[in-house]
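Novice:
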Amino acid sequence: MDIAAFRALEPLCWRAPSAHNTQPWRLRYEPGAIRVGWDADHALPAADPTGRDLRLSLGAFVETCLIVAADAGLRLEYVADYDDQHRWVGRLRPARHRYPTPFRTSEVWERRTDRGSFADAPEADALAAVDAVARQAGGLVRAVPDAGRVGALLRAADRRLYADPTIVAELRHWLRLDPAHPDYHADGLNDRCLALSRPAAAALRAALAAYPVLRPLGLPRLLAAADDPLARGGTVLVLVAPAGLDRPGQVEFGRVLMRGWLTLHTAGLAAHPLSQLIDVAATRTALGALLDVAPDRLLHVARVGRPTRPAPHSARRSPRRDRLSE
């Protein structure tokens, strides 16, 4: 295995998506393999108590590593070896052939989450293509038919999450609303990626700083009503998993999710995750009923459309300081 060649590619692999842009993945170089794991300090125990988004992001990272390596001519394969206790998901190891993928490193680099306005909804052929990606793995992608109902569910989910002090504290930890923040260019959710103006970012920062006082006075409802992403266009798509998907299976579907995002990207489309819809039990159940799908099969939700302008790249840490402990 050409370790030096893969190490040089790591900054490109770090372009994988993660909830709150925590970048939880970690690598450990071993004789003949590279172990993929995660850092518990970069998980979201309050907002993601089941670890669903964590495992999806780890799978997306694995897929990104394979795509970037293949485009550079490196022959790697992924072997799953999920272990909650030691916090790893599997290994990258030498393979006889390059990983077969239609995607290139340039698409990994250019893909980004977009919280801005969308001019058009996805065309039928793009929806069919991303659905085909999911069906190859036993899942499917569904478009939500009732935008008005989804908007009501989104506001209900946001109110529930903003009412939870532990979730809000966790969010504040990962927000980077001022360019002076020491981690503004490293990780988390900054004002540019949240599509916030400077006054809006300052207002949000002040509101969250006063959260203990303002929460009983109705702040969660005000925060939930402050933004309506569905008004910025697009179609809400839901990734539906096979029934009974286990934790290693969620990692595998993170790989499926990454392939789906890249499929949308190559069609000129962008995605804005709306995970809160399935983070809250009541709205998850309602969304499942709307789609006539068992709620526990709902794995990922995003607003998808054709962006009106390029979104900024989210920040990334230097991979050199992100290793699994020996």
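If you're matching positions, the sequence shown starts at 1 in UniProt numbering and goes up one per residue. Ideal Cβ positions, reconstructed from N, Cα and C, are used throughout, including at glycine. Just so you know, these numbers come straight off a predicted model, no measurement behind them.
Is leucine 171 close to chain C, meaning its C-beta is less than 8 Å from at least one C-beta of that chain?
Specialist: Absent here is chain C; the protein component of the structure consists of one chain.
Novice: Answer yes if the stretch 89-105 comes into contact with the stretch 62-73, meaning at least three C-beta pairs across the two stretches below 8 Å, and no otherwise.
Specialist: Short answer: they touch.
Novice: If we ignore side chains and look at the alpha-carbon of each, how far apart do glycine 244 and histidine 313 end up?
Specialist: Position 244 of the sequence shown, counted from the start, is the residue given in the question as residue 244. Position 313 of the sequence shown, counted from the start, is the residue given in the question as residue 313. Roughly 35 Å separates the two Cα atoms.
Novice: Can you have a look at threonine 166 and say buried or exposed, based on whether 16 or more other CB atoms are within 10 angstroms of its CB?
Specialist: Residue numbering aside, residue 166 sits at position 166 when the sequence shown is read from its first letter. Exposed: under 16 other Cβ atoms inside 10 Å.
Novice: State the DSSP-derived secondary structure class of glutamate 326, mapped to helix, strand or coil.
Specialist: By one-based count along the sequence shown, residue 326 stands at place 326. Legend: pLDDT at glutamate 326 = 41, less than 50; position of this residue unreliable, no value from coordinates given.
Novice: Between which two residues does the beta strand (DSSP E) holding tryptophan 88 run?
Specialist: Mapped onto the sequence shown, residue 88 falls at position 88. Taken as a continuous stretch (DSSP letters only), the beta strand (DSSP E) holding tryptophan 88 covers 88-94.
Novice: State the Cα-Cα distance for the pair valine 36 and leucine 56, rounded to the nearest angstrom.
Specialist: Residue mapping note: residue 36 aligns to position 36 of the sequence shown, counting from 1. Residue mapping note: residue 56 aligns to position 56 of the sequence shown, counting from 1. Computed Cα separation, rounded: 13 Å.
Novice: Does the beta-carbon of aspartate 71 have 16 or more other beta-carbons within 10 angstroms, so that it is buried, or is it exposed?
Specialist: Here residue 71 refers to the residue found at position 71 when the sequence shown is read from its first residue. It counts as buried.
Novice: Is glycine 305 helix, strand or coil by DSSP?
Specialist: Here residue 305 refers to the residue found at position 305 of the sequence shown. Looking at glycine 305 - three-state DSSP - the assignment turns out to be strand.
Novice: List the residues that DSSP assigns as beta-bridge partners of tyrosine 29.
Specialist: For the purposes of this step, residue 29 is identified with residue 29 of the sequence shown, where counting begins at 1. Bridge partners of tyrosine 29: Ile34.
Novice: How would you label glutamate 326, buried or exposed, when you count the other beta carbons within 10 angstroms and need 16 or more for buried?
Specialist: Against the sequence shown, residue 326 aligns to sequence position 326. Note that glutamate 326 scores 41 on pLDDT, short of 50, meaning its location in the model is unreliable; the coordinates nonetheless yield the value given after this. So glutamate 326 ends up on the exposed side.
Novice: According to DSSP, is aspartate 50 part of a helix, a strand, or is it coil?
Specialist: As a first step, residue 50 is located in the sequence shown; it is residue number 50 there, counting from the start. This sequence places threonine at residue 50; aspartate is not what is there. Coil.
Novice: Report all residues from its chain with a CB closer than 7 Å to the CB of glycine 138; omit the five preceding and five following residues, and keep chain order.
Specialist: Along the sequence shown, one-based indexing puts residue 138 at 138. Excluding positions up to five away in sequence, the list reads Pro242.
Novice: Along the chain, where does the alpha helix (DSSP H) containing proline 45 start, and where does it finish?
Specialist: Stepping through the sequence shown from its first residue, residue 45 is reached at position 45. Proline 45 -> no alpha helix (DSSP H), and no H or E assigned at all.
Novice: Here's a check: name, in chain order, each residue in its chain whose Cβ is nearer than 7 Å to the Cβ of arginine 172, leaving out the five neighbours to either side.
Specialist: Your numbering for residue 172 matches position 172 in the sequence shown. If we look at arginine 172 and ignore the five residues flanking it on each side, its Cβ neighbours are Leu208.
Novice: Mind checking isoleucine 3: buried by the 16 CB within 10 Å criterion, or exposed?
Specialist: Sequence index remark: in the sequence shown, residue 3 carries index 3 (1-based). Under this definition isoleucine 3 is an exposed residue.
Novice: What is the rounded straight-line gap between the Cα of aspartate 178 and the Cα of alanine 201?
Specialist: Reading the sequence shown from its first residue, position 178 is the one you call residue 178. Reading the sequence shown from its first residue, position 201 is the one you call residue 201. About 8 Å.
Novice: Please go through the same chain and pick out, in chain order, the residues whose beta-carbon is closer than 7 Å to the beta-carbon of arginine 309, but skip the five residues on each side of it.
Specialist: Here residue 309 refers to the residue found at position 309 when the sequence shown is read from its first residue. Gly116, listed in sequence order.
Novice: Touching or not, the stretch 147-161 and the stretch 280-292, by the rule of three or more beta carbon pairs under 8 Å?
Specialist: Counting Cβ pairs under 8 Å, three or more are found: they touch.
Novice: Buried or exposed: aspartate 191, going by 16 or more other Cβ atoms within 10 Å of its Cβ?
Specialist: By one-based count along the sequence shown, residue 191 stands at place 191. Per the 10 Å Cβ criterion, buried.
Novice: Please report the Cβ distance between arginine 155 and alanine 224, rounded to the nearest whole angstrom; I am assuming they are in contact, meaning their Cβ atoms lie under 8 Å.
Specialist: Along the sequence shown, read from residue 1 onward, the residue named residue 155 stands at position 155. Along the sequence shown, read from residue 1 onward, the residue named residue 224 stands at position 224. Yes, arginine 155 and alanine 224 are in contact; Cβ-Cβ is about 5 Å, under 8 Å.
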